[in-house]
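At position 209 of the sequence shown (counting the first as 1) the number is 209 in full-length UniProt numbering, and the numbers step up by one without a gap.
Built from N, CA and C at the ideal position, the CB exists for glycine as well.
All remarks here apply to the structure that follows.
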Amino acid sequence: MAATDVDMILSDFWKIWSKTLDAENDFQVAYCLLEWTQGFVENLAPLARPGKKPENFPYQRKKLNTWFKQEHSGARKGAVNLINVDKDGHKNNCYTQDDNKFPNSPAEDDKYEIFYHGTTARHAKLILEDGIDLCQGGERKDFSDGDGFYVTDKFDNVWPNARWSKQRPPCSTVLVFKVDKSELRNFRSLDLWRNFDTDLEEKWRDVVWKFRNGKADDAFIKDLKADFIEGPLCTGTQAENYDKPQSCIPHRGFYQLCVRSDLCAKLFDKSLLSAVFFKLNL
């Protein structure tokens with residue numbers, strides 16, 4: 001399915017709807033439906049071309065193993081550091097050679113915190129150009145149900161072996177965030193990571209169990225009073241039966257932070273420092 005075919009489908013779809021609309025609210029509903037249809041059609045497009053390989057490097061694909069800056073015409077303001085890493089670059093760890101673009105964990109007195117988000121090249125491009133959309137988050141995760149964005153504090157947690165579920169493609173891109181510590185910690189948070197004693201573990205199990213079982217209703221979420229939640233990863237997969245909170249087992253060696261409010265997502269958007277695109281199947 002070519003891009004022109006997608007555009008034609010969406011154009012025809014909008015013409016049909018717009019003929020029947022005469023109220024502003026109807027237009028808003030239709031436009032939301034149009035956006036959903038656009039995503040649906042674009043996700044189907046690769047299936048119509050089974051022989052086409054996924055895009056590894058969406059920017060300057062011939063520029064390999066060296067950092068460059070890329071301006072974006074979408075919602076994002078300013079340039080982001082990018083690098084396309086092939087087999088040779090991966091072997092030499094070329095992306096780690098510049099601390100300004102790929103910083104190691106900051107010193108204790110540093111005013112920044114470093115986070116990583118693993119995803120596909122396609123979704124990384126969407127984030128780079130349009131910003132973080134919490135509604136694109138996966139369903140029934142540890143701290144969210146279709147309304148969260150996850151980061152971790154270790155690069156090794158997202159590359160090269162990370163695969164969040166069997167239904168999703170493997171990680172091929174890592175986004176690096178350098179977030180002002182004082183700004184981040186000024187948001188409301190639910191800390192399920194530090195001082196992880198018996199009581200906190202019980203609270204962690206209750207939160208994870210509710211989200212993973214689709215029982216985190218509006219009242220529960222409101223009571224959390226959290227722009228972000230941080231805590232250990234729950235071991236296992238979505239396919240497992242979390243029939244009771246005790247079946248959720250914390251992985252104390254894996255820290256995760258889930259962004260849950262649009263304002264907090266905007267902070268991470270403006271804190272996006274770099275993107276590392278890896279060639280698939282290295």
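Query                                                                                                                           : Result
Classification of residue 152 by the beta-carbon crowding that lies within 10 angstroms, buried from 16 upward                  : buried
Test item: CB-CB of residue 170 and residue 206 under 9 Å                                                                       : no
Buried/exposed call for residue 259, threshold 16 Cβ in 10 Å                                                                    : buried
Distance CB(residue 279)-CB(residue 90) smaller than 9 Å                                                                        : yes
Enclosing alpha helix (DSSP H) for residue 211 [first to last residue]                                                          : 198-212
Whole-number beta carbon distance between residue 112 and residue 179, since they are thought to touch under 8 Å                : 6 Å
Alpha-carbon to alpha-carbon, residue 132 and residue 114                                                                       : 17 Å
Test item: CB-CB of residue 116 and residue 87 under 9 Å                                                                        : no
Cut-off 7 Å between Cβ atoms - residues of its own chain near residue 128, not counting five sequence neighbours on either side : 72, 76, 80 and 275
Contact under 9 Å by Cβ, residue 57 with residue 84                                                                             : yes
At least 3 beta-carbon pairs within less than 8 Å: the segment 253-270 vs the segment 219-231                                   : yes
Among 99, 216 and 173, the one whose alpha carbon lies nearest that of residue 157                                              : 173
Close beta carbons around residue 147, own chain, < 8 Å, minus the five adjacent residues each side                             : 134, 135, 137 and 260
Residue 123: first and last residue of the uninterrupted alpha helix (DSSP H) it sits in                                        : 121-130
Residue 256 versus residue 199: straight-line alpha-carbon distance, rounded                                                    : 19 Å
Own chain, CB closer than 6 Å to residue 103, minus 5 neighbours either side, in chain order                                    : 114
Exposure label - residue 119; buried when at least 16 CB within 10 Å                                                            : buried
Cβ distance (whole Å) where residue 142 is taken to contact residue 220 below 8 Å                                               : Rounded, the Cβ-Cβ distance is 14 Å, inconsistent with contact.
Sub-9 Å separation of residue 204 and residue 232 beta-carbons                                                                  : yes
Any chain C beta carbon closer than 9 Å to residue 67                                                                           : Here chain C cannot be found, since the structure has a single protein chain.
Length at least 3, wholly inside the segment 54-116: the beta strand (DSSP E) runs in chain order                               : 68-70 and 80-85
Beta carbon of residue 82 nearer than 9 Å to that of residue 97                                                                 : no
Contact set for residue 101: own chain, Cβ-Cβ below 6 Å, skip 5 residues either direction                                       : 67, 81 and 274
Residue span of the beta strand (DSSP E) that contains residue 249, given as start and end                                      : That residue, residue 249, is in no beta strand (DSSP E); it is neither H nor E in DSSP.
Local conformation of residue 275 per DSSP, three classes                                                                       : strand
Supposed contact pair residue 252 and residue 196 - C-beta distance, whole angstroms, cut 8 Å                                   : 7 Å
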